[in-house]
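Below: one structure, written as structure tokens.
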Amino acid sequence: MNTNQYRLLSRLCLLLGFLSIVGAVLVWFLAGGTTPEKQAYAERFGIFIGLWVPSFFALSTRLDRCAEARGE
Numbered sequence: 001m002n003t004n005q006y007r008l009l010s011r012l013c014l015l016l017g018f019l020s021i022v023g024a025v026l027v028w029f030l031a032g033g034t035t036p037e038k039q040a041y042a043e044r045f046g047i048f049i050g051l052w053v054p055s056f057f058a059l060s061t062r063l064d065r066c067a068e069a070r071g072e
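In structure tokens, the structure reads:
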């Protein structure tokens, strides 16, 4: 992989991290039903999606560092 590909993947992971935040909140509010069971499921599913955020941000940072190392 070349430097531009690393930078592109880094930006993509950063974008996916922010989209995961928005997606988690949307799932939490929109997937919740009227019963307590459905509301609990929506909350757990929103948390599950929210757990992706640190992974995407960490990947973004790592890929950016790889791009810098290859660019030198």
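Residue numbers are given in our numbering: position 13 of the sequence shown equals residue 13, and the series is strictly consecutive.
Don't be surprised by glycine CBs; every beta carbon is placed ideally from N, CA and C.
If you draw a 10 Å sphere on the C-beta of L63, you find 16 or more other C-beta atoms in it, and that means buried. Note on the region 18-58: whole alpha helix (DSSP H) runs with a minimum of 4 residues are 36-50, in chain order.
By the criterion of a C-beta distance shorter than 8 Å, A31 is surrounded in its chain by K38, Y41, A42, F45 and G46, once the five residues flanking it on both sides are discounted.
With fewer than 16 other Cβ atoms inside 10 Å of its own Cβ, F29 counts as exposed. The distance from the Cβ of R70 to that of T3 is about 5 Å, consistent with a contact at the 8 Å cut-off.
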